[in-house]
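To start, the structure under review is shown below, and the notes come after it.
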Amino acid sequence: MPTDFRGSALRVEEHLRALARCSASPSGITRLYLTPEHRAANGLVSGWMQEAGLEPRVDETGTVIGRREGSDPSLPPILLGSHIDTVVNAGAYDGCLGVACAVEAARVLAREGATLRHPLEVAGFGEEEGVRFGVTFLGSRGIAGTWTPDLYEAKDREGVSVRSAMRSFGLDPDAVPRAAHRIAAYFEFHIEQGPNLAASGVPFGIVAGIAAAKRFRVTFTGKTGHAGMTPMAGRRDALCAASEFVLEAEEEAKRIGRGAVATVGDLVVTPGVTNCIPEAVTLTLDARAGTDEDLEELLSRLFDRSRASAARRSVALERDCYYSSKAVACSEALKEILRSSVREMGFEPPEMFSMAGHDAAAIGEKYPVAMAFVRDAGIGHSPKEHCDAEDVARTVELTVRAVRAADAILP
Ligand code: HGY
Ligand code: MN
Ligand code: MN
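Mapped onto our numbering, the consecutive letters of the sequence shown carry residue numbers 650 to 1060.
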């Protein structure tokens, strides 16, 4: 293990434990956008940034950002980061590992008296998962300057809009455009959340690109009736139509192949009573593919097929796409920086594709990005997430190497 990064690993793990305590639930980790837990986490990260020689601030979308000036004030910053929001009952490493390692890398660079030409920024994004409002990447879109009007009106389960929640958090929604600023390069280090690196024996994978993704709310409307007195013939059972949709989504994703995935993660039945025929069903569809074209083919086949299935049952189908993210290719130059840095550390990193969304996808719409997956316990979105201390230490080392290399070669 790289001895001069052992202390770093201990500090990162201490910070991950502290962040894990910023949770809406006493059991498990749940930290959603613009909540008291988010504010508490921003406070912790700000303090760690200060100790690491970064000047912290919270930007117009609620992202906590630390900045260290470079020798050439005309240059845009090299940005490091990931997200500090979580799913429900999350693990401690998703997103937070990248933020904590980036802060630690800044500390190492400061301790080594590194003089960088570029400013260095570290961001802890507050809304990557999209759990509270259904829309994602709000912090990274803020920096990329790609917010769209619909994002302000997205609502949580209590009917609170992003706009209103921002005001309650002390942010001015009209100031969001001011979060946008030029970036020289963005590096994100993120747990793989899958089994491949653990099987490969290599601590890092270089991410080639990030999948295209769309999320829909789909509503099926049929006719309720008495579960006993209504004959099977002629029923307009919304849940039967929705059930066909769930299996059709699975089949169409498998048929496209090339890594395409489709998931119905949430489904609500109305009236939801044992002896009433389901009148309406609302479900969510999360569909992803390696290219925008594959995603469109998957979705058009699926909805053509499911409209026909629903029509055979005289059930109406309506869909609302509430989230869309294009496929993003990582920068070849920045990938090469990561690849050669990992090789200097004694490993040959595999190239991998990310079917998981990451803030790099939002930043990558406007600026060069690169990501490295970090070997983990092979699971994400679970309290079972874990990274060995050795790989945490290596992640800090890789971050330091990448920043130094990028600062040397970027204009
Ligand atoms: O859903 C995802 O791919 C990521 O965890 N936001
Ligand atoms: Mn996640
Ligand atoms: Mn993540």
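For every residue, glycine included, the Cβ atom is placed at its ideal position computed from N, Cα and C.
Taking 8 angstroms as the cut-off, the C-beta of A1005 counts as close to a heavy atom of ligand 1.
The Cβ atoms of V1052 and F654 lie no closer than 9 angstroms to each other. Per DSSP, K975 lies in no beta strand (DSSP E) and is assigned neither H nor E. Going by C-alpha positions, I714 is about 34 angstroms away from A911. As summarised for the region 841-869, the continuous alpha helix (DSSP H) elements at least 4 residues long and confined to that stretch are 845-849, given in chain order. Within the chosen limit of 8 angstroms, ligand 2 reaches the beta carbon of E778 through at least one heavy atom.
A distance criterion of 8 angstroms places the beta-carbon of H1035 beyond contact range of ligand 2, judged by its closest non-hydrogen atom.
Restricting attention to alpha helix (DSSP H) runs no shorter than 4 residues, the region 710-790 encloses them at 745-760, ordered along the chain. Annotation for V913: V895, A898, L932, T933, L934 place their beta carbon closer than 7 angstroms to its own, counting only its chain and skipping 5 residues before and after. Residues of the same chain with a CB within less than 6 angstroms of the CB of A890, apart from the 5 flanking positions on each side, are F869, A959, R962, V964 in chain order. If you check the C-beta of V736 against ligand 1, you find a heavy atom less than 8 angstroms away. For G656, there is no enclosing beta strand (DSSP E); the residue is found in the alpha helix (DSSP H) stretching over 655-669. A residue is called buried when at least 16 other Cβ atoms come within 10 angstroms of its Cβ; A848 does not meet this threshold and is exposed. In terms of Cβ geometry, G908 and F1002 form a close pair [threshold 9 angstroms]. With fewer than 16 neighbouring CB atoms inside 10 Å of its own CB, D721 falls in the exposed class. Bounds of the beta strand (DSSP E) holding T933 are 929-938. Judged by DSSP secondary structure, D1008 falls within the alpha helix (DSSP H) whose first and last residues are 1008-1012.
Not a single heavy atom of ligand 2 lies less than 8 angstroms from the C-beta of D1025. For ligand 3, the residues with a Cβ under 5 angstroms from any of its heavy atoms are, in chain order, D743, G744. Residue environment analysis places S676 among the exposed positions, since fewer than 16 neighbouring C-beta atoms fall within 10 angstroms of its C-beta.
Per DSSP, the continuous alpha helix (DSSP H) segment holding F952 begins and ends at 941-961. Taking the CA atoms as reference points, D799 sits about 24 angstroms from E942. By the Cβ rule, the region 817-830 does not count as touching the region 750-764, because fewer than three pairs are nearer than 8 angstroms.
With respect to the 9 angstroms criterion, A673 and R666 are not classified as neighbours on the basis of their beta carbons. When DSSP states are grouped into helix, strand and coil, D915 belongs to the strand group. The beta carbons of R717 and E770 sit closer together than 9 angstroms. A heavy atom of ligand 2 is found nearer than 8 angstroms to the CB of G1029. At least one heavy atom of ligand 2 lies less than 8 angstroms from the C-beta of Q842. The C-alpha of L947 lies about 27 angstroms from the C-alpha of V1018. When secondary structure is reduced to three states using DSSP, K804 falls in the strand class. The region 724-742 makes contact with the region 821-841; the number of CB pairs closer than 8 angstroms reaches 3 or more.
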